[in-house]
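Participant:
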Amino acid sequence: MDATLQGASADAASEPASTHQLWAFPPPKFEAVQCIPKKDREQIFSLSVLEASAVAHEPLANGGNHWTFYLTVAPNHLDPDSWRLIQLDCTPSGTPAAGGGDGSKANIVISLLEDRQLSRAQCICRLTTRQTLKVSDLVDTIIEHGREKYDFDNEGRGCKKWVAEQMDLFLKVGIITNEDEIQSAKSKMMFQWEKFKHIGDHSMWAMGSYYQ
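Take the sequence shown: its letter number 29 is residue 109 in the numbering used here, and every next letter is one higher.
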């Protein structure tokens with residue numbers, strides 16, 4: 081190798097790392113509220129809500145069920161064939177919790193489903209809603225009260241608590257209109273469900289928490 085090149089290589093190798101320019105790209109901003117499909121967000125949020133339900137999915141290995149909301153929506157109230165389901169779900173995002181600890185920030189995911197039959201349901205709690213209601217009303221209420229800023233614990237638990245607290249909030253602002261239905265739903269949340277039968281006690285409330 082040419083002596084000049086050898087010298088240049090040696091100088092580069094011995095140059096302190098601090099003199100090299102390092103490119104660091106900031107991570108994307110965390111978005112707590114997600115819409116699926118994203119391109120249809122405006123259309124989905126404008127849909128009229130006919131009914132809401134708190135629903136338990138399949139039993140979990142560590143006890144209980146995943147609890148979530150379903151909304152029956154309709155572009156045309158008079159055409160039952162046009163009715164669809166939207167899932168309003170609070171789920172761990174994998175992003176480290178804002179409040180410290182080993183948990184995860186929540187994503188609030190609003191999904192327009194192909195499924196029209198609540199096929200994953202193990203328990204369904206019907207919730208009567210006010211007559212004039214759009215998907216955006218529920219989402220806006222969640223955001224206005226900071227309920228999208230939620231941390232799951234380190235085992236990914238906290239959905240049941242979040243659903244129960246949003247039922248109370250929706251009652252307070254007049255979105256849900258029947259308090260007895262909420263109390264009935266909370267009673268059913270005290271059990272683990274499978275095929276519409278409770279198969280065990282699950283009275284523990286996982287301590288998910290809100291952050292600022």
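Glycine residues also receive a C-beta, built at the ideal position from the N, C-alpha and C atoms.
#1: Rounding to the nearest angstrom, what Cα-Cα distance links LYS118 and SER126 in this structure?
#2: When DSSP builds the beta bridges, which residues end up paired with GLU131?
#3: Is the beta carbon of THR208 less than 8 Å from the beta carbon of THR257?
#4: Between GLU131 and ARG206, which are expected to be in contact by the criterion C-beta below 8 Å, what is the C-beta distance as a whole number of angstroms?
#5: Within this structure, are the beta carbons of LEU218 and LEU251 separated by less than 8 Å?
#6: Using 8 Å as the threshold, is the C-beta distance between ASP195 and LEU151 below it?
#7: So within the region 210-269, which uninterrupted alpha helix (DSSP H) runs reach at least 4 residues, ignoring any that extend past its ends?
#8: According to DSSP, which residues form a beta bridge with GLN292?
#9: For LYS275, which residues of its own chain have a beta-carbon under 8 Å away from its beta-carbon, when the five flanking residues on both sides are left out?
#10: Measure the C-alpha to C-alpha separation of ASP120 and GLN246 and round it to an integer number of angstroms.
#11: Can you give me the C-alpha to C-alpha distance between PRO139 and HIS282, rounded to a whole angstrom?
#12: Buried or exposed for PHE110, going by 16 or more other Cβ atoms inside 10 Å?
#13: Do you know whose CA, among LYS266, GLY236, TRP285, lies nearest VAL135's CA?
#14: Within this structure, are the beta carbons of ASP220 and SER289 separated by less than 8 Å?
#15: Where SER128 and ARG210 are concerned, what is the direct C-alpha to C-alpha distance, given to the nearest angstrom?
#16: Starting from the C-beta of THR175, find all residues in its chain whose C-beta is less than 7 Å away, skip the five residues before and the five after it, and write them out in chain order.
#17: Apart from the five residues on each side of it in sequence, which residues of its chain come closer than 6 Å, Cβ to Cβ, to GLY236?
#18: In three-state terms, what does DSSP make of ARG206?
#19: Quick one, are the C-beta atoms of ALA112 and ILE188 less than 8 Å apart?
#20: Between GLN292, PHE271, TYR291, which has its C-alpha nearest HIS146's C-alpha?
Facilitator: So, to answer that:
#1: 14 Å
#2: THR152
#3: yes
#4: 7 Å
#5: no
#6: At the C-beta level, ASP195 and LEU151 stay beyond 8 Å of one another.
#7: The alpha helix (DSSP H) runs lying completely inside the region 210-269 and spanning 4 residues or more are 215-224, 239-252, 259-268, given in chain order.
#8: Its beta-bridge partners do not exist; DSSP assigns none.
#9: GLN202
#10: 24 Å
#11: C-alpha separation (whole angstroms): 11 Å.
#12: exposed
#13: LYS266
#14: no
#15: 11 Å
#16: Taking THR175 as the centre and dropping the five residues before and after it, the same chain places the C-beta of PHE110, SER184, LYS185 closer than 7 Å to its C-beta, in chain order.
#17: PRO172
#18: strand
#19: yes
#20: PHE271
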